[in-house]
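Read through the structure below, which is laid out as structure tokens, and then see the notes.
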Amino acid sequence: MMIRRLLSGMLLAGLVSTASAGEVRFTGEGHAYNPVWSLDGKHLAFEVNNYGDRSDLHISVVTGEIAKDASKVNLPGGGGPFGGSQVVVNPAWHPQGIVVFEGSNTGGQFRLYYYQPGGGAASEMISTTDVPGDITFPAINPKGTSMVFVADQTGNGDIYTRDTNTGAVTVAMKTDVAEMFPQFDSAGSKILFTRKQNNTEDIFELAVSTGAETPVIGGNNDQSRPNYVNGGIVYFDNSRDSQSWDVKVVSGGNAKVLAKSVRLPLRARPAISPDGNWVAYGFEDPTKSDSIMLSRVDGSKNVEIKTAYNACGEPAITVQNGKTLLAYTALPSSGADYRKLFVVDITDKLQ
Amino acid sequence: MSTTGRVLAKVLTGAIALAWLAPGAALACDEAERLRLADEISNLAKKNAWSGVERKYGELLRTKCELLFEQYSLGAESAKNLGKTYEMYERLSAAEKIDPQEELTATLEQLNTNYGRVEVRGDARRRAALLREQMPFAPDQRKSIEYAQSVMEGTGSFKGMLPIGGPYKVADKEFSVEAGPDFETVVVGNGKGPKTTGGGNEGIEDQGLINWVGPIALIGTGFFGSGAPNGPIFKTDATDEELLRGTPIVGRATDADYPCGGYEEALVTDDAGQPACLPTIRQPKDISMFSTPNVDVTVGGEVGLTYRAPEMGVAATVNYRRMFGSRLNQITVWGAWVVRPGAARFALGPTWGVTAGKGNGYVDWVNEGQTEVFRVQRQSEAEYGGFGMGGGVAASAGYGVIELAGFQGLVELHGHFQRDNLRSYSGIGLRFGIVPKIDRFQG
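Chains as they are written, first to last, in the working numbering: chain A, 1 to 351; chain B, 1001 to 1443.
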């Protein structure tokens, strides 16, 4: 009784919201993971992983909470009825509405592919002549003038950039250890990345023009998957406990915890709103797993988005025609076989 | 029917039969060649040798055989890899007619959505570049533009598909590409369009030997100079009288100063080691550069031989200079290699000319006559006259400042140097006039 009153009070206060969500349907079986909105919020790319022989990329056209049935993206040579297994993951959108992602056919190397929603097969983004080996972690600067990625042709993950206007591929950083998760800042002048060294992952920033590297944050275990937000950098951190992840924000070398024991997405960075003011996450705690939480990055406000589903996670936020949309994946019921993808309008929740 | 009639009837029947069969024979499919080429295309495609696939696909079309789905598909793939988007679209359309696969239809729809049809009708002799300031992100769209640029460079025109948006620029025409079934036509230059179809290596068109041709007419002023010979130049055709005078005069008060006694003689040492005087050729003294202004008139023609910037050509001119104060005249012919980057014009080449005239005074090494035998004559009173011929080099650097009735109005600095077998002549100056205008596209 006490709990119900408390919940009612929170609902009235607008701190807890229950939102009805539209499901993004797709063909095939598998868990929906890693939704990524296009910059205009009209397309939603996500992975469907059957934990077997394939992980596919699907794209849906979204209008408000209404999502069209998603269509699968085929790698070259993988579209026919006898196409082999493919692994297609880690989508990133260009402002021109083109999605870039990692892809591998039947256990081959991971290469970068691109696809423009509308039909046809994906095409290879960077030829093996330009950059051989595995290419991963694509990210594109907000203006679309440059793309950053990681290539392992030296045996370690090094950071490369591709200039959109010239098509030139350049080594931005080459070291003897592995760099990961590169990400441009809004001006495209800095690249955020992590480096795995001595079994610990730390966050660094690279000045594109000079190549100068600046440590951002380190510590026990891993500080991983950084993302720029207003006034700082948000990231996942498991320095407190190697088995649980916190969401932290670092600014000027000072880190603070935004949320503890969150559900770590399969491969996504912390989900942030397009204005960089909010970060979204789900919880590991089963009692909280029917919600997606949004926190202002300055820690001033939290908004809980209650859902009708379980094990909510993998959030992604966009703004489409003035409406703020949240995509997330969840188990439709406790006994469900696969995680599904849902989209919900949360515009009024963030007022 | 008479015999003649039967023969005529047979000839007529044969002719009709031949006329009926001949087109069929011309269109016959070379099946063996088709199979061989299809096999080659398949092998080349496996090696990602798309230029080779494209070349063999062209040969395959010339077999006049009906192509199969796989051949159209591989042809489309090679076109895609080379940026030939419209060719890719046409080949995919042909493949779709044979087997309307869903994926093909989707690809065609995607091409129709993301590309538009453009025809740039330009001039093969004066080729404008196709520009897009911000290139698209997708590599195949980028390739499509780069292919169009290569076709424009090779032919001056382009017909095909380009990624939608832009803006694109050809010469002074700016346009955006929109999706749709119709070709948007952009006319630049004379808009004749290409004589050949296709592009890239298949579409290279000869631009001709001559890019431009036109007259040169310049007038200006400058300064002229001529250095005197350093030593005496002896007459090789001296008369006996002149040779008789070539004897040193010794033992007289004035002999020390005027041993040769005549202004046209020079003191030398003969083969026996004895002093001797020999007649010399009369020469004007030094003409200092800035003491002798001149007027300069140049006429001729210029022919442009290249098309890529900086354009180059050759010029031939006849030049007349009139030197004030010295009664000298110079007429030269000049053949020059011309380079014309932008509005500038540089010319350099050999020259050959005649310098003629007469005047007073002679060079210092000629003795002034102070003897009883010959009349006294001061240097300033001595007259010279004649002409000299010789070759040299001339150069000019100019800048186009205005367009004048289809010509380029030019101001240029010029310099020239010439030497005959006795002395050198040189000059500098500033002149203006017209040279041929080079038609160029902006950008």
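Positions of the beta carbon are idealized from the N, C-alpha and C atoms, including for glycine. Computed from a prediction, not measured in an experiment: that's the story for all the values here.
request  = In the DSSP assignment, find the unbroken alpha helix (DSSP H) run with Arg1132/B in it and report its ends.
outcome  = What you label residue 1132/B is simply residue 132 of the second sequence in a count that begins at 1. Looking at the DSSP string, Arg1132/B is not in any alpha helix (DSSP H); the run it does join, the beta strand (DSSP E), is Leu1130 to Arg1132.
ask   = On the three-state DSSP scale, how would you describe Gly1200/B?
value = Within the second sequence, numbered from 1, the residue matching residue 1200/B stands at position 200. With a pLDDT of only 44 at Gly1200/B, under the threshold of 50, the placement of this residue in the model should not be trusted, and no figure is reported.
task = Examine chain B for any beta-carbon lying closer than 8 Å to the beta-carbon of His94/A, and answer yes or no.
result = Taking the first sequence and counting its residues from 1, one reaches residue 94/A at position 94. By this cut-off, His94/A is an interface position.
ask   = Can you tell me the Cα-Cα spacing of Glu304/A and Ala280/A, whole angstroms?
value = Within the first sequence, the letter at position 304 stands for residue 304/A. Within the first sequence, the letter at position 280 stands for residue 280/A. Those two C-alpha atoms are separated by around 9 Å.
query = Taking 8 Å as the CB-CB limit, is Pro993/B close to chain A?
reply = Because chain B here runs from 1001 to 1443, residue 993/B falls outside it and cannot be looked at.
request  = Name, please, each residue of chain B whose Cβ falls closer than 7 Å to the Cβ of Gln197/A.
outcome  = Looking up residue 197/A in the first sequence gives position 197. Neighbours of Gln197/A on chain B: none; closest Cβ ~33 Å, over 7 Å.
key: Backbone CA spacing between Leu1104/B and Arg1125/B [nearest angstrom]   = Numbered from its first residue, the second sequence carries residue 1104/B at position 104. Numbered from its first residue, the second sequence carries residue 1125/B at position 125. When rounded, the distance between both Cα atoms is 39 Å.
ask   = Is it right to say Thr27/A is buried, meaning 16 or more other beta carbons lie within 10 angstroms of its own, or is it exposed?
value = Indexing the first sequence from 1 puts residue 27/A at position 27. Exposed is the call here.
ask   = By Cβ distance below 7 Å, which residues in the same chain neighbour Pro265/A in space, the five residues on each side in sequence not counted?
value = Residue numbering aside, residue 265/A sits at position 265 when the first sequence is read from its first letter. Taken in chain order, the residues that qualify are Asn34, Gly313 and Glu314.
message = If we define contact as Cβ-Cβ less than 8 Å, is Gln116/A a contact residue for chain B?
response = Walking along the first sequence from the start, residue 116/A turns up at place 116. Closer than 8 Å: yes.
key: Beta-carbon gap between Gly1222/B and Ile1428/B smaller than 8 Å   = For this step, residue 1222/B is matched to residue 222 along the second sequence. For this step, residue 1428/B is matched to residue 428 along the second sequence. Result yes, Cβ atoms of Gly1222/B and Ile1428/B sit closer than 8 Å.
request  = Check the Cβ of Pro1139/B against every Cβ in chain A and list those closer than 9 Å, keeping chain order.
outcome  = Reading the second sequence from its first residue, position 139 is the one you call residue 1139/B. Simply Tyr114, Ser123, Glu124, Met125, Ile126, Ser127 and Gly167.
task = Assuming Thr200/A contacts Asn221/A (C-beta within less than 8 Å), just tell me the rounded distance between them.
result = In the first sequence, the residue the question calls residue 200/A occupies position 200. In the first sequence, the residue the question calls residue 221/A occupies position 221. Rounded, the Cβ-Cβ distance is 6 Å, consistent with contact.
inquiry  = Does the region 1209-1216 of chain B come into contact with the region 1295-1307 of chain B, if we say contact requires no fewer than three beta-carbon pairs (one atom in each stretch) closer than 8 Å?
reply    = yes
Minimum Cβ-Cβ distance from Asn1114/B to chain A less than 8 Å = The residue labelled residue 1114/B in the question sits at position 114 within the second sequence. Taking Cβ atoms only, chain A reaches closer than 8 Å to Asn1114/B, which makes this a yes.
request  = Tell me whether the beta-carbon of Met1161/B lies closer than 8 Å to the beta-carbon of Tyr1115/B.
outcome  = Position 161 of the second sequence, counted from the start, is the residue given in the question as residue 1161/B. Position 115 of the second sequence, counted from the start, is the residue given in the question as residue 1115/B. Against a cut-off of 8 Å, the Cβ pair of Tyr1115/B and Met1161/B comes out as a contact.
request  = Determine the DSSP secondary structure at Arg225/A, reduced to helix, strand or coil.
outcome  = Within the first sequence, the letter at position 225 stands for residue 225/A. It is a strand residue.
message = Please classify Asp352/A as buried or exposed, where buried requires at least 16 neighbouring CB atoms within 10 angstroms.
response = This structure cannot settle anything about residue 352/A, because the visible part of chain A is limited to 1 through 351.
ask   = Among all the DSSP beta bridges, which residues are the ones paired with Lys256/A?
value = What you label residue 256/A is simply residue 256 of the first sequence in a count that begins at 1. According to DSSP, Lys256/A bridges with Val249/A.
query = With a cut-off of 8 Å, do at least 3 Cβ pairs link the region 133-153 of chain A to the region 88-104 of chain A?
reply = yes
task = List the residues that DSSP assigns as beta-bridge partners of Ala178/A.
result = As a first step, residue 178/A is located in the first sequence; it is residue number 178 there, counting from the start. Per DSSP, Lys196/A.
ask   = Do you know whose CA, among Asp275/A, Leu341/A, Gly282/A and Gly299/A, lies nearest Asp40/A's CA?
value = Position 40 of the first sequence, counting from 1, holds the residue named residue 40/A. With distances taken between Cα atoms, Asp40/A lies closest to Asp275/A.
key: Under the three-state DSSP convention, the category Arg4/A falls into   = Locating residue 4/A in the first sequence gives position 4, counting from the first residue. Reliability fails at Arg4/A, whose pLDDT of 45 lies under 50, so the model's placement of it is uncertain and the value that follows must be treated cautiously. In this structure, Arg4/A counts as helix in the three-state DSSP scheme.
query = Between Lys174/A and the rest of its own chain, which residues show a CB-CB distance below 6 Å, the 5 nearest in sequence each way excluded?
reply = Position 174 of the first sequence, counted from the first residue, corresponds to residue 174/A. Taken in chain order, the residues that qualify are Asp158.
key: Rounded C-alpha distance that separates Phe1346/B from Ser1396/B   = On the second sequence, residue 1346/B is found 346 positions in, with the first residue counted as 1. On the second sequence, residue 1396/B is found 396 positions in, with the first residue counted as 1. So the two alpha carbons sit approximately 6 Å from each other.
Rounded distance between the beta-carbons of Ser273/A and Thr324/A, thought under 8 Å = Residue mapping note: residue 324/A aligns to position 324 of the first sequence, counting from 1. Residue mapping note: residue 273/A aligns to position 273 of the first sequence, counting from 1. Contact holds; Cβ gap of about 7 Å.
ask   = Taking the beta strand (DSSP E) that Val208/A falls in, what are its first and last residues?
value = Taking the first residue of the first sequence as 1, we reach residue 208/A at position 208. Per DSSP, Val208/A belongs to no beta strand (DSSP E) and is neither H nor E.
Contacting residues, own chain, Cβ-Cβ under 6 Å from Ile317/A (five flanking each side not counted) = Position 317 of the first sequence, counted from the start, is the residue given in the question as residue 317/A. Ala271, Ser273, Ala280 and Leu326, listed in sequence order.
inquiry  = For Thr1332/B, would you say it is in contact with chain A, using Cβ-to-Cβ distances shorter than 8 Å as the test?
reply    = In the second sequence, the residue the question calls residue 1332/B occupies position 332. Not an interface residue.
message = Distance check for Asn49/A and Tyr338/A, CA to CA, integer angstroms please.
response = Here residue 338/A refers to the residue found at position 338 when the first sequence is read from its first residue. Here residue 49/A refers to the residue found at position 49 when the first sequence is read from its first residue. About 9 Å.
Cutoff 8 Å: Ala1106/B Cβ touching any chain A Cβ = Within the second sequence, residue 1106/B is the residue found at index 106, counting from 1. Yes, contact with chain A.
query = What's the gap between the Cα of Asp185/A and the Cα of Pro1436/B?
reply = Position 185 of the first sequence, counted from the first residue, corresponds to residue 185/A. Position 436 of the second sequence, counted from the first residue, corresponds to residue 1436/B. Roughly 54 Å separates the two Cα atoms.
Residue span of the beta strand (DSSP E) that contains Thr161/A, given as start and end = What you label residue 161/A is simply residue 161 of the first sequence in a count that begins at 1. Run containing Thr161/A: Asp158 to Asp163, per the beta strand (DSSP E) assignment.
query = For Arg1321/B, does the count of other Cβ atoms within 10 angstroms reach 16, so buried, or fall short, so exposed?
reply = Residue numbering aside, residue 1321/B sits at position 321 when the second sequence is read from its first letter. The residue is buried, with at least 16 neighbouring Cβ atoms inside 10 Å.
ask   = Alpha carbon to alpha carbon, how far is Pro182/A from Ile203/A?
value = Numbered from 1 along the first sequence, position 182 holds the residue referred to as residue 182/A. Numbered from 1 along the first sequence, position 203 holds the residue referred to as residue 203/A. Between Pro182/A and Ile203/A, the C-alpha separation is close to 10 Å.
inquiry  = If I follow the unbroken alpha helix (DSSP H) through Ala961/B, where does it start and stop?
reply    = Nothing in the structure corresponds to residue 961/B, since chain B is present only between 1001 and 1443.
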